[in-house]
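Numbering (this note's numbering), first residue to last: 1 to 214. Ideal Cβ placement from N, Cα and C applies to all residues, glycine included. For reference, the structure is listed below as structure tokens.
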């Protein structure tokens with residue numbers, strides 16, 4: 001008789017433990033459902049706003065840039081390599097044909113710039129988009145370019161190459177990024193500014209673009 005009572009008591013405690021465990025699991029599940037879902041951080045390219053570099057005043061810096069211009073090309077001012085017998089790794093770059101308006105046959109458009117002296121190497125990057133008729137951008141960029149600038153250099157350029165035989169006539173937007181070396185260059189938080197440019201068939205309209213570069 002005593003053995004039977006002990007067996008029943010053991011079985012009773014086992015059932016009670018199982019019931020308590022089920023209740024705890026049910027409450028934990030309810031608590032999870034009551035917690036708000038964690039929002040994921042957006043890293044979309046266009047999720048932040050940044051200043052425009054289209055209108056510049058002489059002597060007024062733009063972000064880290066001392067100056068930044070769009071142009072048909074650039075040249076190296078070789079006299080900046082220093083005196084005879086000396087050499088510098090930071091030759092000065094000079095934009096050729098600075099403008100914001102270009103013709104379709106231009107093979108590439110250059111963004112030429114000078115930055116304040118950098119303490120550490122950095123990446124300068126650009127992605128460019130064609131604007132649609134409703135002033136919205138296409139979801140995917142037409143192209144991208146990345147330049148690594150060592151800490152001792154101040155001058156650099158980014159190259160916007162056409163994707164086909166000619167640029168399509170229309171309006172374009174270039175988004176500019178600055179990041180430390182080793183980081184994803186096209187993250188939204190690294191966007192520092194934008195530059196707009198236009199491609200037209202009529203070369204007579206080129207003079208209008210020069211007004212934006214003053």
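Which residue marks the beginning of the beta strand (DSSP E) containing residue 171, and which one marks its end? Within the chain shown, residue 171 is the residue found at index 171, counting from 1. That run of the beta strand (DSSP E) goes 170-180.
Which word fits residue 191, buried or exposed, when buried means at least 16 other C-beta atoms lie within 10 angstroms of its C-beta? As a first step, residue 191 is located in the chain shown; it is residue number 191 there, counting from the start. Residue 191 should be labelled buried.
Just to confirm, are residue 177 and residue 129 a CB contact at a threshold of 8 Å? Counted from its first residue, the chain shown places residue 177 at position 177. Counted from its first residue, the chain shown places residue 129 at position 129. For residue 177 and residue 129, no; Cβs fall outside 8 Å.
Quick check on the burial criterion: 16 or more other C-beta atoms within 10 angstroms. Buried or exposed for residue 134? Position 134 of the chain shown, counting from 1, holds the residue named residue 134. The residue is exposed, with fewer than 16 neighbouring Cβ atoms inside 10 Å.
Give every residue of the same chain whose Cβ lies closer than 8 Å to the Cβ of residue 240, excluding the five residues on either side of it in the sequence, and list them in chain order. In the structure as shown, the chain begins at 1 and stops at 214. Residue 240 is therefore absent and cannot be evaluated.
DSSP three-state call for residue 201: helix, strand or coil? Here residue 201 refers to the residue found at position 201 when the chain shown is read from its first residue. It is coil, neither helix nor strand.
Alpha carbon to alpha carbon, how far is residue 188 from residue 179? Counting from one through the chain shown, the residue named residue 188 turns up at place 188. Counting from one through the chain shown, the residue named residue 179 turns up at place 179. C-alpha separation (whole angstroms): 11 Å.
Closest by C-alpha distance to residue 165, when choosing among 106, 118, 77 and 182: Taking the chain shown and counting its residues from 1, the one referred to as residue 165 is at position 165. The residue with the shortest Cα to Cα distance from residue 165 is 106.
Would you grab the beta carbon distance between residue 91 and residue 76 for me? Rounded to a whole angstrom, and I think it's under 8 Å. Against the chain shown, residue 91 aligns to sequence position 91. Against the chain shown, residue 76 aligns to sequence position 76. Contact holds; Cβ gap of about 5 Å.
Can you look up residue 188 in the DSSP assignment and give me helix, strand or coil? The residue given as residue 188 occupies position 188 in the chain shown. Residue 188: helix per DSSP, three-state reduction.
Coil, strand or helix - residue 98 by DSSP: If you number the chain shown from 1, residue 98 lands on position 98. Strand, per DSSP.
Span separating the alpha-carbon of residue 147 from that of residue 64: Numbered from 1 along the chain shown, position 147 holds the residue referred to as residue 147. Numbered from 1 along the chain shown, position 64 holds the residue referred to as residue 64. If you take the alpha carbons of residue 147 and residue 64, they lie about 15 Å apart.
Just how far apart, CA to CA, sit residue 157 and residue 196? Residue mapping note: residue 157 aligns to position 157 of the chain shown, counting from 1. Residue mapping note: residue 196 aligns to position 196 of the chain shown, counting from 1. If you take the alpha carbons of residue 157 and residue 196, they lie about 16 Å apart.
C-beta contact flag for residue 95 and residue 124 at 8 Å: Position 95 of the chain shown, counted from the first residue, corresponds to residue 95. Position 124 of the chain shown, counted from the first residue, corresponds to residue 124. No; because the gap between Cβ atoms is not below 8 Å, this pair is not in contact.
Does the beta-carbon of residue 181 have 16 or more other beta-carbons within 10 angstroms, so that it is buried, or is it exposed? Along the chain shown, read from residue 1 onward, the residue named residue 181 stands at position 181. When all chains shown are included, residue 181 counts as exposed.
Considering residue 160, what are the terminal residues of the beta strand (DSSP E) in which it resides? For this step, residue 160 is matched to residue 160 along the chain shown. Following the DSSP letters along the chain, one finds residue 160 inside the beta strand (DSSP E) bounded by residues 155-161.
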